[in-house]
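Peer 1: Per my numbering, the sequence shown runs over residues 7 to 146.
Cβ atoms here follow ideal geometry from the backbone N, Cα and C, with glycine treated the same way.
Keep in mind that this is a model prediction, so the values were computed, not measured.
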Amino acid sequence: MGARTISKASITAEAAQAVIAAAEAKAVEIGVPMVIAVVDESGVLKAFCRMDGAPLLSVDIAQDKAYTAAAFGISTDTWHNFIKDDPPLLHGIVKTPRLIVFGGGYPLQVDGANVGGIGVSGGHYEQDMVVAQAGVAALG
7 MGARTISKAS ITAEAAQAVI AAAEAKAVEI GVPMVIAVVD ESGVLKAFCR MDGAPLLSVD
67 IAQDKAYTAA AFGISTDTWH NFIKDDPPLL HGIVKTPRLI VFGGGYPLQV DGANVGGIGV
127 SGGHYEQDMV VAQAGVAALG
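#1: Report the residue from Lys32, Phe78, His130 and Val25 whose alpha carbon sits nearest the alpha carbon of Val137.
#2: Buried or exposed for Glu6, going by 16 or more other Cβ atoms inside 10 Å?
#3: Taking just the CA atoms, how far does Val44 sit from Leu62?
#4: Apart from the five residues on each side of it in sequence, which residues of its chain come closer than 7 Å, Cβ to Cβ, to Lys14?
#5: Are Ala27 and Gly128 closer than 8 Å when you measure CB to CB?
#6: Just to check my reading of the structure: Gly111 and Thr82 have Cβ atoms closer than 8 Å, yes? What is that Cβ distance to the nearest angstrom?
#7: Helix, strand or coil: which one does DSSP assign to Leu63?
#8: Check whether the region 83-100 touches the region 51-58, counting contact only when three or more Cβ pairs, one atom from each stretch, lie closer than 8 Å.
#9: Could you tell me which residues DSSP puts in a beta bridge with Pro113?
#10: Note down, in chain order, each residue of its chain lying with its Cβ closer than 7 Å to the Cβ of Val148, except the 5 sequence neighbours on either side.
#11: Excluding five sequence neighbours on each side, which residues of the same chain lie with their C-beta closer than 7 Å to the C-beta of Phe108?
Laid out in structure tokens, this is it:
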């Protein structure tokens, strides 16, 4: 009989805080207060920062971007490209709770394993993407 459990790689609290710090530094550099969320491989919040002046609505959006990226292992902007020319998906999948299909969410990977996700909200989605990418880069 086969194994009855599996082991999963997960981002550590220390690494999650480093991702937050790098993203926050980029947000300061571009002058846009952001909400930054890091989730573990299961989509559960691991680290969080709402910068002073960041929009309240961005709290849920950032967490949902991180969740989407971790849950599917692809960036949130990739979702838009995947569904935009497919009417059944375009009109159906966007009703999936917590699914975000615009930029600012990226999976976090270590040694090829999906260990979590980062989601950023507070600016235009292109600004969110730049800040999130700085967080991803902190993992090396």
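Peer 2: Walking through what the data contain:
#1: Counted from its first residue, the sequence shown places residue 137 at position 131. Here the closest residue by C-alpha is Lys32.
#2: Outside the displayed range of the chain (7 to 146) lies residue 6, so it cannot be described from this structure.
#3: Stepping through the sequence shown from its first residue, residue 62 is reached at position 56. Stepping through the sequence shown from its first residue, residue 44 is reached at position 38. Computed Cα separation, rounded: 17 Å.
#4: The sequence position of residue 14 within the sequence shown is 8, counting from 1. Taken in chain order, the residues that qualify are Glu47.
#5: Position 21 of the sequence shown, counted from the start, is the residue given in the question as residue 27. Position 122 of the sequence shown, counted from the start, is the residue given in the question as residue 128. Going by C-beta atoms, Ala27 is not nearer than 8 Å to Gly128.
#6: Within the sequence shown, residue 111 is the residue found at index 105, counting from 1. Within the sequence shown, residue 82 is the residue found at index 76, counting from 1. That belief holds up - the Cβ atoms of Gly111 and Thr82 are roughly 4 Å apart, short of 8 Å.
#7: Here the question's residue 63 lines up with position 57 in the sequence shown. If DSSP states are grouped into helix, strand and coil, Leu63 belongs with coil.
#8: no
#9: Translated into positions along the sequence shown, residue 113 becomes position 107. In the DSSP output, where bridge partners are listed per residue, Pro113 has Gly123.
#10: Nothing can be reported for residue 148: it is not among the residues displayed for the chain, which extend from 7 to 146.
#11: In the sequence shown, the residue the question calls residue 108 occupies position 102. Taken in chain order, the residues that qualify are Thr82, Asp83, His86 and Tyr131.
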